[in-house]
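Under the UniProt record's numbering, think of the first position of the sequence shown as 1, with each following residue one higher.
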Amino acid sequence: MKPETGPWKLLLVDDEPMVHEVSRLILAGLRFEDRGVELLTAGSAAEARDLLARHADVALALVDVVMETDDAGLLLVQHIRQRLGNADMQIVLRTGQPGVAPEAEVMHGHEINGYFLKTEITAQRLNSIVISGLRAYRRTLELRAGGAPATERAADPLQPELAALGAPALLQVQPEVALADWQVAGVELLPQWRGTAGWLSAARLRQAAGDGALPAALVEPLLAAALHWARAWAQALGRPLRVSVPLAGDGLAEPEVGRRIVDAVRAAGLAPGTLDLLVGEAALRGAGPAVEALRAAGVTLTLADFGAGTISLPQLSGAAPDRLKLPRPFVRGVASQPERMAVARSLIALAQTLQAVVIADGIASPEDAQFFKWEGCELGQGDALAPACAPQDLAAQVRQGPALAH
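1. What's the call for Asp34, buried or exposed, on a 16-neighbour Cβ count within 10 Å?
2. By Cβ distance below 6 Å, which residues in the same chain neighbour Gly382 in space, the five residues on each side in sequence not counted?
3. Please go through the same chain and pick out, in chain order, the residues whose beta-carbon is closer than 7 Å to the beta-carbon of Leu179, but skip the five residues on each side of it.
4. CA-CA distance, Val257 and Val219?
5. Evaluate Ser244 with the Cβ neighbour count: other Cβ atoms within 10 Å of its Cβ, from every protein chain shown; 16 or more gives buried, anything less gives exposed.
6. Quick one: which unbroken beta strand (DSSP E) runs of 3-plus residues sit fully inside the UniProt domain "Response regulatory" (9-133)? Chain order, please.
7. Does the beta-carbon distance from Val130 to Arg94 come in below 8 Å?
8. Using 8 Å as the threshold, is the C-beta distance between Leu60 and Val92 below it?
9. How long is the line joining the alpha carbons of Pro246 and Leu39, rounded to whole angstroms?
10. My understanding is that Ile261 touches Leu294, with C-beta atoms under 8 Å, so please give their C-beta distance in whole angstroms.
11. Ignore the nearest five residues each way along the sequence and tell me which others in Pro7's own chain have a CB closer than 7 Å to its CB.
12. Using three-state DSSP, classify Leu394 as helix, strand or coil.
13. Classify Pro387 as helix, strand or coil using the three-state DSSP reduction.
14. Per DSSP, which one or two residues make a beta bridge with Ala178?
15. Please state the DSSP three-state secondary structure of Asp263.
16. Straight-line CA distance for Ala356 to Thr140?
17. Residues bridged to Ile359 by DSSP?
18. Does the Cβ of Leu394 have 16 or more other Cβ atoms within 10 Å, making it buried, or fewer, making it exposed?
19. My output table needs one value for Pro289: the three-state DSSP class, helix, strand or coil.
20. Quick check on DSSP: helix, strand or coil for Ser365?
21. Which residues does DSSP pair with Thr300 in a beta bridge?
22. Around the C-beta of Arg31, are 16 or more other C-beta atoms found within 10 angstroms, so that it is buried, or is it exposed?
23. Near Leu237, what residues of its chain come up, given a Cβ to Cβ distance below 8 Å and the 5 sequence neighbours on each side ignored?
24. Quick check: what's the CA-CA separation for Asp322 versus Leu303?
25. Would DSSP call Arg242 helix, strand or coil?
26. What does a CB cutoff of less than 7 Å around Val265 pick up in its chain, not counting 5 residues either side in sequence?
27. What's the call for Gln90, buried or exposed, on a 16-neighbour Cβ count within 10 Å?
28. By how many angstroms is the C-alpha of Gly318 removed from the C-alpha of Arg83?
29. I need the DSSP call for Ala268, collapsed to helix, strand or coil.
Take a look at the structure:
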């Protein structure tokens with residue numbers, strides 16, 4: 001059997017940009033058990049929560065204690081352990097202000113795996129912290145899987161599990177905010193499943209399926225959850241919210257998947273446009289009949305990662321997705337980067353030519369939100385607008401209104 005070859009995911013949370021730059025340089029060539037390291041970075045606890053909602057398989061988090069508040073890092077630890085229920089991730093706190101959060105109190109009061117002063121962390125010490133954390137994480141997964149060494153598992157050990165996973169064990173939702181009036185107009189589902197190797201995101205399961213599509217066995221319970229919450233939110237708020245379900249891949253090429261979705265939507269009796277499918281380029285290229293049937297049932301389609309793929313303009317025009325989603329690398333920090341501004345403007349202009357709604361994913365500041373609003377982008381997602389939350393908390397968050405509305 002082939003070993004896993006994907007990189008270990010590390011999350012660095014710190015409000016000092018220089019810490020990000022130096023850490024990236026130090027860890028650039030690091031390998032552990034023949035696997036590299038993918039470094040995810042966040043400048044605040046709020047950004048980190050947003051990233052964790054999309055990356056369930058982070059092995060190690062290096063977290064600053066004092067960021068937007070004196071206890072931001074400690075609250076993030078509570079979010080990971082209690083709200084997300086993630087006991088596998090290794091968490092190491094780093095602080096430049098030990099008087100704010102003394103080591104003894106923090107170690108006893110929070111479920112963390114290490115605590116260091118920033119002045120203690122040399123390049124060699126950082127490498128040692130990361131290697132130790134990855135080793136502990138790998139051992140945790142081995143124990144959960146019954147003791148089998150991680151390096152001896154199949155290249156995709158999830159395949160035998162896929163059909164048995166069923167409904168997601170953890171479901172969060174990321175609001176979609178209308179930039180014209182800062183009101184929540186819809187949500188994207190962020191499902192995670194619990195497997196023998198820990199938490200699994202929809203993206204990870206699509207990878208395990210081998211063809212980039214979320215397995216059909218998982219579509220039905222996810223769809224049921226989407227329709228259930230769509231009805232609940234409409235009743236609680238007195239208006240419908242569009243609910244976007246991550247299908248992606250070429251799952252629509254499978255006729256049975258399309259039929260299940262159409263039947264479920266018609267049985268639910270929801271208003272047209274309530275259900276949306278977040279799909280990839282493969283779905284748009286090869287699922288013409290399925291797309292027509294879905295549209296007839298009132299289902300809309302959103303193309304994920306618009307601008308980052310290889311779909312041609314004629315293919316895009318022929319498929320005519322209802323919505324186009326700009327990926328995070330094109331969105332985050334756009335207001336301060338002229339090159340990124342130019343890319344965003346050209347993609348928004350193309351979307352408008354195609355008469356498609358544009359979603360900017362990953363808005364992290366009021367300045368970025370205003371840029372996309374001025375450029376004619378209709379919708380935005382990100383903690384600067386409205387953070388991800390549990391579905392049962394969404395109605396209260398919608399009533400309160402997004403942060404930029406205050």
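A virtual CB, placed ideally from N, CA and C, is assigned to each residue, including glycine.
In short, the structure shows the following:
1. exposed
2. Gly362, Ile363, Ala364
3. Ala369, Phe372, Lys373, Cys377, Glu378, Leu379, Gly380
4. 8 Å
5. buried
6. For the UniProt domain "Response regulatory" (9-133), whole beta strand (DSSP E) runs of length 3 or above, ordered along the chain, are 37-42, 58-64, 90-95, 114-117.
7. no
8. In this structure, Val92 lies closer than 8 Å to Leu60 by Cβ.
9. 24 Å
10. Indeed, because the Cβ distance is near 6 Å, the residues count as touching under 8 Å.
11. Here Pro7 has Arg35, Gly36, Val37, Glu38 as same chain residues with Cβ atoms under 7 Å from its own Cβ, once five neighbours each way along the sequence are excluded.
12. helix
13. coil
14. Gln183, Leu379
15. helix
16. When rounded, the separation of the alpha-carbon atoms in Ala356 and Thr140 is 45 Å.
17. Lys325, Leu379
18. Around the beta carbon of Leu394, 16 or more other beta carbons lie within 10 angstroms, which makes this residue buried.
19. In the structure shown, Pro289 sits in a helix (DSSP, three-state: H, G or I).
20. In this structure, Ser365 counts as coil in the three-state DSSP scheme.
21. Paired residues: Asp276.
22. exposed
23. Here the set comprises Ala395, Val398, Arg399.
24. 8 Å
25. strand
26. Same-chain partners within the cutoff: Leu275, Ala297, Gly298, Val299.
27. Buried, since its Cβ has 16 or more Cβ neighbours within 10 Å.
28. 43 Å
29. Three-state result, Ala268: helix.
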